[in-house]
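Here the structure comes first, spelled out in structure tokens, and everything after it is commentary.
Protein chains in written order, with the numbering used here: chain A, 34 to 244; chain B, 191 to 387.
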């Protein structure tokens with residue numbers, strides 16, 4: 034029997050599960066990160082303390098997040114998704130904060146001079162200008178998460194990691210490659226897709242500013 | 191036993207940063223000097239980083255067997271990106287005036303590279319090495335899955351036996367290591383930048 038006949042269906046399911054993990058965790062991580070990034074950018078004093086702390090947390094390997102959550106929550110998909118989402122928050126949060134702070138202060142003053150409220154200035158001036166940076170963070174998070182989602186299978190939750198783990202444990206080349214290549218392709222295509230969105234958004238931004 | 195694992199971890203990180211600098215620096219210079227290859231080199235180093243670490247180690251294990259060689263090769267491939275990119279960017283961002291002045295003084299291409307451009311780009315290159323080091327500390331956790339030892343084995347053991355203390359101990363050591371490297375090298379970076387400014 035060929036490899037495809039034996040494992041084809043399983044592989045397709047694994048790709049789907051893997052993608053769902055990535056999507057769910059990056060999406061929820063994005064919402065949290067954006068909110069926190071905006072809040073932190075309003076209080077730079079706190080951010081100066083909080084951001085270094087966050088980068089220390091970022092050095093915790095994904096294995097540990099998943100491992101510890103596993104001890105408390107057991108073998109449910111939420112364990113993997115929460116752990117991955119926590120990990121996805123960092124790059125987006127950092128880039129949101131940096132992007133918002135890098136907005137030229139003369140533009141902020143112009144916004145205030147036009148009579149914009151703080152909220153208006155945030156949504157109509159600062160966030161659109163910070164968008165390229167925010168999306169850069171989103172891209173980084175997505176690529177990392179595709180990679181870290183391999184760990185979901187460490188606690189028996191499937192995804193492409195299952196192929197890789199079993200392949201390593203049984204010295205089966207075909208299984209390792211079958212897990213690795215789709216994961217690589219997924220990371221690259223998601224990264225290209227986000228780049229595409231970024232280009233469109235920045236172009237729009239420029240058009241708006243020309244009017 | 192613990193000290194041995196910490197040393198093992200450091201050894202893996204040290205070797206791989208050494209090799210990836212040895213490979214990444216020439217690649218970055220090559221991308222700078224030879225524009226047609228630029229996109230390919232930068233893109234390839236980026237591509238390598240999108241492969242999940244565990245999958246990368248697994249595939250290398252097929253060629254080199256379980257052990258430290260596999261881990262070091264994997265870590266080298268994984269930490270190429272920051273070094274190649276920063277070498278290239280550092281060289282590329284040198285002011286035109288300086289480059290023209292060097293050419294005007296009659297320096298050859300290689301003289302310019304070694305006595306002017308590389309020294310000026312060095313702080314940026316060093317930043318790349320710092321990023322590569324911190325990343326390697328984290329990725330080396332996977333070493334244990336392919337028989338390379340290191341702190342990952344404590345963490346994995348902790349997860350398997352549901353021993354919270356073991357997990358926290360392994361993680362704490364790992365974090366301390368990453369933070370120390372990051373902070374120490376950032377200090378050196380500051381000094382380098384002051385010099386070149």
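Here a beta-carbon is modelled for each residue, glycine too, at the ideal position from N, C-alpha and C.
No experiment lies behind these values; they were computed from the predicted model shown.
Against chain B, the beta carbon of residue 230/A has no neighbour under 8 angstroms; the closest one sits roughly 18 angstroms away.
Three or more beta-carbon pairs separated by less than 8 angstroms are not found between the region 238-255 of chain B and the region 200-217 of chain B, which leaves the two stretches without contact. For chain B, the residues of the region 200-213 of chain A that bring a beta carbon within less than 7 angstroms of one of its beta carbons are 200, 201, 206, 209, 210, 212 and 213, in chain order. One finds 328, 331 and 364 in chain B with Cβ atoms closer than 7 angstroms to the Cβ of residue 94/A, taken in chain order. Residues of the region 226-250 of chain B with a C-beta less than 9 angstroms from any C-beta of chain A: 236, 237, 239, 240, 241, 242, 243, 244, 245, 246, 247, 248 and 249, listed in chain order. Counting only Cβ-Cβ distances below 8 angstroms, residue 361/B has contacts in chain A at 93, 94 and 97, in chain order.
Closest option to residue 91/A, judged by alpha-carbon separation, among 372/B, 260/B, 217/B and 287/B: 372/B. In this structure, DSSP gives residue 196/B a helical state, which the three-state scheme calls helix. At a cut-off of 8 angstroms between beta-carbon atoms, residue 193/B makes no contact with chain A. Identification of chain A residues near residue 335/B by a Cβ-Cβ cut-off of 7 angstroms yields 201, ordered along the chain. Contact annotation for residue 354/B against chain A: 101 and 104 [CB-CB distance below 8 angstroms, chain order]. The residues 284, in chain order, have a CB closer than 6 angstroms to that of residue 310/B in the same chain once the five nearest residues on each side in sequence are set aside.
Taking 8 angstroms as the Cβ-Cβ cut-off, the region 251-272 of chain B approaches chain A at 251 and 252, given in chain order. Chain B has no Cβ within less than 8 angstroms of the Cβ of residue 136/A.
Put simply, of 256/B, 218/B, 220/B and 350/B the residue whose alpha carbon is nearest the alpha carbon of residue 204/A is 256/B. Listed in chain order, the alpha helix (DSSP H) elements of length 4 or more contained wholly in the region 60-128 of chain A are 77-90 and 95-106. The C-beta of residue 319/B comes no closer than 8 angstroms to any C-beta of chain A. Taking all protein chains shown into account, residue 180/A has 16 or more neighbouring C-beta atoms within 10 Å of its C-beta and is therefore buried. In the three-state scheme derived from DSSP, where H, G and I count as helix and E and B as strand, residue 216/B is classed as helix. Around the beta-carbon of residue 50/A, 16 or more other beta-carbon atoms lie within 10 Å, marking it buried. DSSP places residue 224/B outside both helix and strand once states are collapsed to three, so it counts as coil. Interface with chain A (8 angstroms Cβ-Cβ cutoff): residue 368/B is included. DSSP, reduced to helix, strand and coil, places residue 204/A outside both helices and strands of the structure shown, so it counts as coil.
Taking residue 236/B as the centre and dropping the five residues before and after it, the same chain places the C-beta of 271 closer than 7 angstroms to its C-beta, in chain order. Shortest Cα-Cα distance from residue 334/B to any of 327/B, 343/B and 293/B involves 343/B. For residue 170/A, the enclosing alpha helix (DSSP H) has its first and last residue at 160-181. Within 9 angstroms of the CB of residue 324/B, the CB atoms of chain A belong to 92, in sequence order along the chain. When the beta-carbon positions are compared, residue 163/A and residue 129/A come within less than 8 angstroms of each other.
Excluding five sequence positions before and after residue 361/B, the CB atoms of its chain that fall closer than 8 angstroms to its own CB belong to 345, given in chain order.
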